[in-house]
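K.L.:
When we follow this note's numbering, the leftmost residue of the sequence shown carries the number 609, and every step to the right adds one.
There's a structure below that I have some questions on.
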Amino acid sequence: MASEINFESGIIRTPVPFEGEAPDILPESVARQHPNFEQLLSHTAGCSPYLNSLINTDPEWLEEIAGQNPKDILSLLCSSVEDESVTQTIKTLRTRKKKIALLTALTDLGGIWNLFEVTGALTQFADFSCQALMSTLVRESAAKGRLQLDPVEDPAGMGGIFILAMGKMGGRELNYSSDIDLVVFFDEKRHPVNRFNFVKSEFVKITRKFAKLMGEVSADGYVFRTDLRLRPDPFVNPVCISVGGAERYYESFARTWERAAYIKARPCAGDIGSAQNFLSNIEPFVWRLNLDFSAIQDSSEMRLRIWENRGTGDLANLPGFNLKLGKGGIREIELFVQTFQMVAGGRDQTLRVPDTMGALAAINRKGWVDDDSKRVLEESYYKLRTWEHRVQMIRDAQTHAIPKVENEIVRMAALYGEDNLDKFLKEIKVTLVGVHETTETFFATDKEDQVEYDTSFMEESDWETVNTWRQLPAFRTERASKIFARLQPTIFNRLARSSHPREALLQFDGFLRRLPAGVQLFSLFEANQHLLELLVDTCAMAPRLASSLSNNTQVFDAVLEPDFIVPLEDEKVLEKTLSDGLDRASDFESVLRVARRWNNENNFKVGVHLLKGLSNSEQAGKSYARLANCVIKSLVPFVVEQFSSTYGPPPGRGFVFLAMGSLGAENLTSQSDLDLIMIYDPREEEHSQGKRPLAVQVYYARLTQAMVSALSSQMAEGKLFEIDMRLRPSGRKGPVATSLNSFVHYQENSAWTWEHLALTRARSLAGNEELGIEIEDFRQKLIHKLEDYPKIITDVIDMRRRLSENTPVEKKEDIWECRLGKGKLLDIELLAQTGALITNSMERDIGSQLLASSTNGLMTREEYEELSSHYALLRQIMQVARLTVEGDFNPDTTGKGVIEILLQQTGMNSLETLSGKVQNQTGNSKAIISDLIDKRWKKWADG
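Structure representation (structure tokens):
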């Protein structure tokens, strides 16, 4: 139903008459009924020669629309012209374009529509015109037998040709006298291979004719000046290119400005399905997975070239100033917004907004632009685009420049509704200056002011090291070297402030030497210097973590997220964020890459939190386990889907992955292997049902191997986890996947005591939920049934003896060896799990198992506190060591920054104090465990 708003009721302003009011335009009876509309027409005609000619060309149409809703008029002008000839179609479009030009001018000048309604209406008609003319041309070609269209395979009837709207048309923000930027492609797969050259030639002819007819001026006017130069390599390639050729170009040769152009690209005519597939295929070219801060420098250089190569004018002298390309102009706002989109749009899909103001709002919501800057740019954009329209409305000229002649500036001001020239020019200047000042601080990355920096800590050998940096792969381009030169003050000043600057410099040198390239990372650091400071701090405190960063620099992207300093979310929230990312992956390999990126970023977050004291080692252990849980749970469905496409879905009830060891207890380090077991239940089925059926034993064994491969295969992003399956029944001798019946039978009749001990920490992690519940029920019942305590204690005594015999002497004597040796982690875990079997405890965490032994009278409260305290201390040391150093922790060779972190986490004031505490507690724990197992528990069991 049409709205009640019409021209008469919607008018809120009119231009100031420039050449006096035009004589009566509407008949007196109509003018009396619509006096506001009559005044708008009169004042408009008195300001614009072009609009005056349109008003006088068809006064009958103006009488007709005076009482109508402008949006209804727009809909009518964009209604179908199907089944007309090419000649009639272009005549209709030219006639309608003049009406659209007058309609949008009047709704704009009268304040009936806002700027974006005006630009949207112009774009809507441009879309309609492109579709109407292109479909008519294709239909004409098919009628002549030159194109073969299959109504079944090609319901759109376009033969695979499509048009992408670019630039302002793509963003639905055409200006008043805009040309339209289009690229035209065709999907060669819609045609037989042997007709490729003929079809290509025909589509090139159609496209040329399309562009000629759209822009050609006749007695009926013109439709739109059409620019096809945004296509790949326009000086070499024809005006219509195959999809395959375009995709190869964008994968290999495209430049930053072409990426920026595709931010606004959208299908506007032709085979929309083929167009959408094409845009989906080139998405990785447009939207980089990593935060791409090199785009800032590219955009800055583009901005400077515009000012250098065009007569854009001088802010000090506004006549002739280019409102689009000049400093503080429209293009400066567009570049500012698009640069943020190129930087972060790959990671954040909410930033992929085609219109400039919508994109500005999106980057503001995500914190990239502050509220004041957003307000300045929004208000300025609205004014600049409005002034651009006014200068174009005067003579329908594709110009963006303020007139050079004062009288014409007065005319422009009159169209704007301003009769004070000085006030008008002052408003323009204030607006331009405001835009330039707002964007200049962002783009001004090329200033090389001399900044002093502290190198007092460096010795001659350090200078020799630094002087070799420019020969490294990361510095192979001049641009990388220039950016790094601007970063050096921050680097050296941060190194100088670290506790042990020379050690940090050595680690930073190693980081640089492992970098394959530098431009993008250095650009990231230049735009976010706190990231560079974090890297230097990491080099000082955690050499192992710094070493891993060289091949995983994308993890710095995560630091820019607002929630980086917040602890990891609840596991369900984490799992959803990962699953959402995996769902967007285009294929299985992409799934694995997304999972690795997500895990790398979150592992880095946990590590940084530990280094910065935002979390303790216990929290870090739980966080690492939470990440492992999420990765496995989220990957299982994708691995199963990939595997099932060949071998069919999992037979029977499916499977469960059991988490064992530290993963089962949910307490990992940054370097932990994951202990897993697969249990499956085939029920009565013997084979899978797929293209290549497998016996169930083979099926689940291969599915297990597929999952292990998904987790542990080395890719560009690294691997997820090393997987250890030795805790499965019969260890390495047993099958990698075990049926439920075999598992139950083995545990009840054949399992060794150490396997029952391992079961105390088993946890159903991923797979069939019902099967997981059944396995957990069996685990609990089995633990309650195990009552041969003499055998359990005897076996544990033997295990301790063999562990001790197989532990190298240097490990036993190394007080910093946390795992191996009596009174250390494995020894305490062995005791805790033994106690869990005896007390029928269902707890998986070592501390909770020790508490169960104390609560049930197997040890005193003092013994529990001594053991749990020592276990926690050793876990703290191991957590820090795994994060910060390669190999074994040795305070004599480990950097002092690492020792500071260790002391911070353990609450000790010196390494000597910590060393003494470890030695003392290890001796106490060894004595307690030996007394409990070898004497008291054995005596009780033999009872």
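For each residue, glycine too, the CB sits at the ideal point set by N, CA and C.
Using the beta-carbon count (16 or more within 10 Å), is S611 buried or exposed?
P.N.:
With a pLDDT of only 46 at S611, under the threshold of 50, the placement of this residue in the model should not be trusted, and no figure is reported.
K.L.:
Is it a yes or a no for the stretch 981-995 touching the stretch 616-625, going by three-plus beta-carbon pairs under 8 Å?
P.N.:
Result no; under three Cβ-Cβ pairs closer than 8 Å.
K.L.:
CB A1374 to CB V1344, shorter than 8 Å?
P.N.:
No, they are not a contact pair.
K.L.:
Could you please give me the residues that DSSP links to R1371 through a beta bridge?
P.N.:
DSSP lists A1267 as partners of R1371.
K.L.:
Would you check if the distance between the CB atom of I633 and the CB atom of P667 is smaller than 8 Å?
P.N.:
Yes.
K.L.:
Would you kindly report the start and end of the unbroken beta strand (DSSP E) that includes P875?
P.N.:
Looking at the DSSP string, the run of the beta strand (DSSP E) that includes P875 is R874 to G878.
K.L.:
What distance in whole Å lies between the Cβ atoms of Y784 and H997, which are believed to be in contact at a cut-off of 8 Å?
P.N.:
Rounded, the Cβ-Cβ distance is 4 Å, consistent with contact.
K.L.:
If I'm right that E1197 touches S1242 with Cβ under 8 Å, what's the distance once you round it to whole angstroms?
P.N.:
So it is not a contact: roughly 16 Å between Cβ atoms.
K.L.:
Assess, as a yes-or-no matter, whether the stretch 870-887 is touched by the stretch 765-775 under the definition of 3 or more beta carbon pairs within less than 8 Å.
P.N.:
Touching, per the Cβ criterion.
K.L.:
Based on the DSSP secondary-structure assignment, which residues constitute the bridge partners of C848?
P.N.:
In the DSSP output, where bridge partners are listed per residue, C848 has V792.
K.L.:
Go to M1286, then tell me how far its beta strand (DSSP E) extends in each direction, as first and last residue.
P.N.:
Looking at the DSSP string, the run of the beta strand (DSSP E) that includes M1286 is L1282 to D1289.
K.L.:
If we count the other Cβ atoms within 10 Å of its Cβ and call it buried at 16 or more, is H651 buried or exposed?
P.N.:
When all chains shown are included, H651 counts as buried.
K.L.:
Within 10 angstroms of the Cβ of H1138, are there 16 or more other Cβ atoms? Answer buried if so, exposed if not.
P.N.:
Classification for H1138: exposed.
K.L.:
Taking 7 Å as the limit between beta carbons, can you name the residues of its chain near H1364, skipping five residues before and five after?
P.N.:
These residues qualify, in order along the chain: L1394 and L1445.
K.L.:
Kindly indicate which residue of G1118, T994, T1063 and V1074 has the alpha-carbon position closest to the one of R1102.
P.N.:
The residue with the shortest Cα to Cα distance from R1102 is T1063.
K.L.:
For a quick check, are the C-beta atoms of N614 and Q676 less than 8 Å apart?
P.N.:
Closer than 8 Å, so yes.
K.L.:
For the beta strand (DSSP E) that contains L772, what are its first and last residues?
P.N.:
Where L772 is concerned, the enclosing beta strand (DSSP E) stretches over I769 to A773.
K.L.:
Relative to the C-alpha of F1164, which candidate in R1483, L745, D841 and L1129 has its C-alpha closest?
P.N.:
Of the listed residues, the one whose Cα sits closest to F1164 is L1129.
K.L.:
What are the start and end residues of the beta strand (DSSP E) that includes A1345?
P.N.:
A1345 to S1347 is the span of the beta strand (DSSP E), which, as asked, contains A1345.
K.L.:
Have a look at the DSSP bridge pairing and note the partners of D588.
P.N.:
Limits of the chain in this structure are 609 at one end and 1551 at the other, which puts residue 588 out of reach.
K.L.:
Just how far apart, CA to CA, sit Q1058 and D978?
P.N.:
Since pLDDT at Q1058 reaches only 49, below the 50 mark, its modelled position is unreliable, and no value is offered.
K.L.:
Report the CB separation of V1018 from I1010 in whole angstroms; it is logged as a contact under 8 Å.
P.N.:
Actually they are not in contact, since the Cβ atoms of V1018 and I1010 sit about 11 Å apart, beyond 8 Å.
K.L.:
Whole-angstrom Cβ separation of G767 and V746, contact assumed at under 8 Å?
P.N.:
About 6 Å; that satisfies the 8 Å criterion.
K.L.:
Per DSSP, what kind of secondary structure is A1193 in: helix, strand or coil?
P.N.:
DSSP places A1193 in coil when its eight states are reduced to three.
K.L.:
Excluding the 5 residues preceding and the 5 following M609 in the sequence, name in chain order all residues of the same chain whose CB lies nearer than 8 Å to its CB.
P.N.:
Its pLDDT being 34, under 50, M609 is placed unreliably in this model, and the value from its coordinates should be taken loosely. Closer than 8 Å at Cβ, skipping near neighbours: no residue.
K.L.:
Tell me the DSSP secondary structure of D1539 in three-state form.
P.N.:
Looking at D1539 - three-state DSSP - the assignment turns out to be helix.
K.L.:
So, at 6 Å on beta carbons, what are the nonlocal neighbours of Y658 in its own chain, with the 5 sequence-adjacent residues on each side left out?
P.N.:
Once the five neighbours on either side are set aside, the close Cβ partners of Y658 are R1003 and D1004.
K.L.:
Whose C-beta lies closer than 8 Å to the C-beta of A674 among residues of the same chain, with five residues either side of it excluded?
P.N.:
Excluding positions up to five away in sequence, the list reads N614, F615, E616, L634, V638, Q641, H642 and F645.
K.L.:
Can you say whether E1056 is buried or exposed, counting buried as having 16 or more other CB atoms within 10 angstroms of its CB?
P.N.:
For E1056, the predicted structure reports a pLDDT of 49, less than 50, and the residue's modelled location is therefore unreliable. The matter cannot be settled from this model.
K.L.:
Please classify H1392: is it buried, with 16 or more other beta-carbons within 10 angstroms of its beta-carbon, or exposed?
P.N.:
Exposed, since its Cβ has fewer than 16 Cβ neighbours within 10 Å.
K.L.:
Around the Cβ of V807, are there at least 16 other Cβ atoms within 10 angstroms (buried) or fewer (exposed)?
P.N.:
Classification of V807: buried, given that the 10 Å Cβ count is 16 or more.
K.L.:
Do you know offhand how far E855's Cα is from L1132's?
P.N.:
If you take the alpha carbons of E855 and L1132, they lie about 28 Å apart.
K.L.:
With a threshold of 16 other CB atoms inside 10 Å of the CB of Q1529, please say whether the residue is buried or exposed.
P.N.:
Q1529 should be labelled buried.
K.L.:
Looking at the structure shown, is T1165 part of a helix, part of a strand, or coil, going by DSSP?
P.N.:
Looking at the sequence shown, residue 1165 is not Thr but Asp. Correct three-state label for D1165: helix.
K.L.:
State the start and end residues of the unbroken alpha helix (DSSP H) segment that holds W1077.
P.N.:
It is not in any alpha helix (DSSP H) - W1077 carries neither H nor E in the DSSP assignment.
K.L.:
For E1470 and E1356, I'd like the C-alpha separation in whole angstroms.
P.N.:
Approximately 35 Å between the Cα atoms of the pair.
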